[in-house]
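Asks: I'd like to ask some things about the structure below.
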Amino acid sequence: MKKNLLSGVKPTGRPHIGNYFGAMKQFVDLQDGRGQASDSYDCHLFVADYHALNLIQDAEQMRQLTLDLVLDYLAIGLDPKKSIIFKQSDVPAHTELAWIFDTIVTMPYLMRAHAYKDAEAKNKEINVGTFNYPVLMAADILLYDTDVVPVGQDQKQHVEYARDIALKFNHIFKSETFKLPEPIILESVATVPGIDGRKMSKSYNNTIPLFATREEIQKAVMAIVTDSGGPEAGGVPTNVFVMHKLFKSEAELKPLYETNAGKYKILKEALVEDIDAFIKPLRERREKLASDVKNVIKVLEDGANNANIKANAKLLEAKKAIGVI
Ligand code: ADP
Ligand code: TRP
360 MKKNLLSGVK PTGRPHIGNY FGAMKQFVDL QDGRGQASDS YDCHLFVADY HALNLIQDAE
420 QMRQLTLDLV LDYLAIGLDP KKSIIFKQSD VPAHTELAWI FDTIVTMPYL MRAHAYKDAE
480 AKNKEINVGT FNYPVLMAAD ILLYDTDVVP VGQDQKQHVE YARDIALKFN HIFKSETFKL
540 PEPIILESVA TVPGIDGRKM SKSYNNTIPL FATREEIQKA VMAIVTDSGG PEAGGVPTNV
600 FVMHKLFKSE AELKPLYETN AGKYKILKEA LVEDIDAFIK PLRERREKLA SDVKNVIKVL
660 EDGANNANIK ANAKLLEAKK AIGVI
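With the working numbering applied, the sequence shown covers 360 to 684.
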């Protein structure tokens, strides 16, 4: 029996290698049956444009970033013949179900969310959409009878919120409408560090973009903050080594790092080569795909049709359970 997999990314800027290794690579691996277990999945991957609207409030930018993210998805190997690829705003059931959940989720519960607490700690006056972010995300997940949600560590709490909301709904409305989802978080890449050693994130300006040019890779790698406290200590720059392990096995790297202990420039140059060798084919594939915008639009249209069928069926069940139908 196939399991349902669902995940999404916000179209808020160029994805980076943290997004890729932490989450997006798992989308493709699991789509293609390269998961850890022998499970196979019906995959639903979407562009979370309504979530991004909390940040991107410019129509042209929103359109461009959305198409860009679909291109990114296709370039890394998501295949519209195997996966349903769609954008959130094309499936109204997401926002409709989020409203239903709004009526059973309490404010103190949402105030415990990390994202809200972080914003509050910074004294930011956040909008209602940001406050409600986990509710819309729960709707995204629960509409598709999702079993697994591949994400990075920072999204773990959001998947737990979706579980809690499913349980609460089922309990209040004495139903078994929603399935309980589990996150899939790969330990080794749960939090990929950026060039400054903090979590790699668009908002920290410390990224290596997934489709970076060679020049961009070079610039970013040369800027990696170095220290020599790495694994076998003595001349192993931790941040460079941790980044390098994403692209080559520890066994392959050992001789390089032993021979060149303390020679940061040589180690960084080797890292540039390995990142570029990895990114180049992805970059070229993306360029090819970008010349056919019609194809991208078609992918989204087909995806919307398929997603709407599934989401509407689940929404109907929920509406019956609450008694509006
Ligand atoms: P960002 O923090 O750069 O804005 P997003 O919020 O768009 O990233 O995250 C998209 C996906 O990538 C999520 O599943 C998230 O958990 C994952 N992710 C983001 N940054 C990292 C990272 N540094 N390491 C591992 N996974 C990450
Ligand atoms: N919150 C996720 C992020 O910041 C994006 C997202 C929205 C998502 N809805 C989702 C991820 C549903 C997984 C499942 O990256």
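Glycine is no exception: its CB is placed at the ideal position from the N, C-alpha and C atoms. Since the model is a prediction, treat every value here as computed from it, not as a measurement.
#1: Candidates Thr572, Ala582 and Thr505: which alpha carbon is nearest lysine 669's?
#2: Taking the C-alpha atoms as reference points, what is the distance between proline 552 and proline 370?
#3: At 3 residues or longer, and completely inside the stretch 388-448: list those beta strand (DSSP E) runs for me, N to C.
#4: Can you grab the Cα-Cα spacing for the pair proline 493 / alanine 521, in whole Å?
#5: Taking the Cβ atom as the reference point for each residue, do valine 580 and proline 542 lie within a distance shorter than 7 Å?
#6: Based on the DSSP output, what are the partners of glutamate 344 in its beta bridges?
#7: How should tyrosine 563 be labelled, buried or exposed, when 16 other C-beta atoms within 10 angstroms of its C-beta is the threshold for buried?
#8: When you compare each of Ile376, Leu612, Asn654 and His375 to valine 429 by their alpha carbons, which one comes out closest?
#9: Among the residues of its own chain, which have a CB less than 8 Å from the CB of aspartate 461, if the five just before and after it don't count?
#10: Asparagine 413 and glycine 488 - do their beta-carbons sit closer together than 7 Å?
#11: Could you check where the beta strand (DSSP E) with lysine 362 kicks off and where it finishes?
#12: Which value, in whole angstroms, describes the spacing of the CA atoms of histidine 530 and methionine 496?
#13: Cα separation between serine 442 and glutamate 628?
#14: Give every residue of the same chain whose Cβ lies closer than 6 Å to the Cβ of lysine 538, excluding the five residues on either side of it in the sequence, and list them in chain order.
#15: So what's proline 596 in DSSP terms, helix, strand or just coil?
#16: For lysine 578, tell me which candidate among Lys624, Ile544 and Thr550 has the shortest Cα-Cα distance.
#17: With DSSP collapsed to three states, give me the class of lysine 657.
#18: Near the ligand TRP, which residues have their beta-carbon less than 6 Å from any of its heavy atoms, given in chain order?
#19: Lysine 622 by DSSP, collapsed to three states: which one?
#20: Out of Asp633, Asn619, Asn665 and Ile576, which one is the CA nearest neighbour of histidine 603?
#21: Can leucine 559 be considered in contact with the ligand ADP, in the sense that its beta carbon sits closer than 6 Å to one or more heavy atoms?
#22: Assuming contact is defined by CB atoms lying nearer than 7 Å, are isoleucine 681 and phenylalanine 532 in contact in what I supplied?
#23: Skipping 5 residues on each side, what residues in its chain have a beta carbon closer than 6 Å to that of proline 568?
#24: Please go through the same chain and pick out, in chain order, the residues whose beta-carbon is closer than 8 Å to the beta-carbon of lysine 607, but skip the five residues on each side of it.
#25: Any chance the CB of asparagine 565 is under 6 Å from a heavy atom of the ligand ADP?
Replies: In short, the structure shows the following:
#1: Along the sequence shown, one-based indexing puts residue 669 at 310. Nearest option by C-alpha distance: Thr505.
#2: As a position in the sequence shown, residue 552 is number 193, starting the count at 1. As a position in the sequence shown, residue 370 is number 11, starting the count at 1. The alpha-carbon atoms of proline 552 and proline 370 are separated by roughly 21 Å.
#3: 400-406 and 442-446
#4: By one-based count along the sequence shown, residue 493 stands at place 134. By one-based count along the sequence shown, residue 521 stands at place 162. Using only the alpha carbons, I get a separation of about 8 Å.
#5: Taking the sequence shown and counting its residues from 1, the one referred to as residue 580 is at position 221. Taking the sequence shown and counting its residues from 1, the one referred to as residue 542 is at position 183. No; because the gap between Cβ atoms is not below 7 Å, this pair is not in contact.
#6: Within the shown structure, residues of the chain are numbered from 360 to 684, placing residue 344 beyond reach of any answer.
#7: As a working mapping, residue 563 is identified with position 204 in the sequence shown. Residue burial annotation: tyrosine 563 is exposed, with fewer than 16 other C-beta atoms found within 10 angstroms of its C-beta.
#8: As a first step, residue 429 must be located in the sequence shown, where it is residue number 70. Ranking Ile376, Leu612, Asn654 and His375 by CA distance to the CA of valine 429 puts Asn654 first.
#9: Translated into the one-based positions of the sequence shown, residue 461 becomes position 102. Once the five neighbours on either side are set aside, the close Cβ partners of aspartate 461 are Asn491 and Val494.
#10: One-based indexing of the sequence shown puts residue 488 at position 129. One-based indexing of the sequence shown puts residue 413 at position 54. One thing to note: glycine 488 has its Cβ within 7 Å of the Cβ of asparagine 413.
#11: Taking the first residue of the sequence shown as position 1, residue 362 is located at position 3. 362-368 is the extent of the beta strand (DSSP E) around lysine 362.
#12: Within the sequence shown, numbered from 1, the residue matching residue 530 stands at position 171. Within the sequence shown, numbered from 1, the residue matching residue 496 stands at position 137. Using only the alpha carbons, I get a separation of about 20 Å.
#13: Taking the first residue of the sequence shown as 1, we reach residue 442 at position 83. Taking the first residue of the sequence shown as 1, we reach residue 628 at position 269. Taking the straight line from one Cα to the other gives about 37 Å.
#14: Walking along the sequence shown from the start, residue 538 turns up at place 179. Asp504.
#15: Here residue 596 refers to the residue found at position 237 when the sequence shown is read from its first residue. If DSSP states are grouped into helix, strand and coil, proline 596 belongs with coil.
#16: Stepping through the sequence shown from its first residue, residue 578 is reached at position 219. If we check each option's Cα against that of lysine 578, Lys624 comes out closest.
#17: Residue mapping note: residue 657 aligns to position 298 of the sequence shown, counting from 1. In this structure, lysine 657 counts as helix in the three-state DSSP scheme.
#18: Leu365, Ser366, Gly367, Val368, Lys369, Ala407, His410, Met496, Asp499, Ile500, Val508, Val510, Gln514 and His517
#19: The residue labelled residue 622 in the question sits at position 263 within the sequence shown. Reduced to three states, the DSSP call for lysine 622 is coil.
#20: Within the sequence shown, numbered from 1, the residue matching residue 603 stands at position 244. When Asp633, Asn619, Asn665 and Ile576 are compared, the shortest CA-CA separation from histidine 603 is found for Asp633.
#21: Here residue 559 corresponds to residue number 200 of the sequence shown, with the count starting at 1. The question names leucine, yet the displayed sequence has methionine at residue 559. Yes, the Cβ of methionine 559 comes within 6 Å of a heavy atom of the ligand ADP.
#22: Translated into positions along the sequence shown, residue 681 becomes position 322. Translated into positions along the sequence shown, residue 532 becomes position 173. In contact: isoleucine 681 and phenylalanine 532 (Cβ atoms closer than 7 Å).
#23: Along the sequence shown, read from residue 1 onward, the residue named residue 568 stands at position 209. Around proline 568: Arg373 and His375.
#24: Here residue 607 refers to the residue found at position 248 of the sequence shown. These residues qualify, in order along the chain: Asp633.
#25: Walking along the sequence shown from the start, residue 565 turns up at place 206. Taking 6 Å as the cut-off, one finds no heavy atom of the ligand ADP near enough to the beta carbon of asparagine 565.
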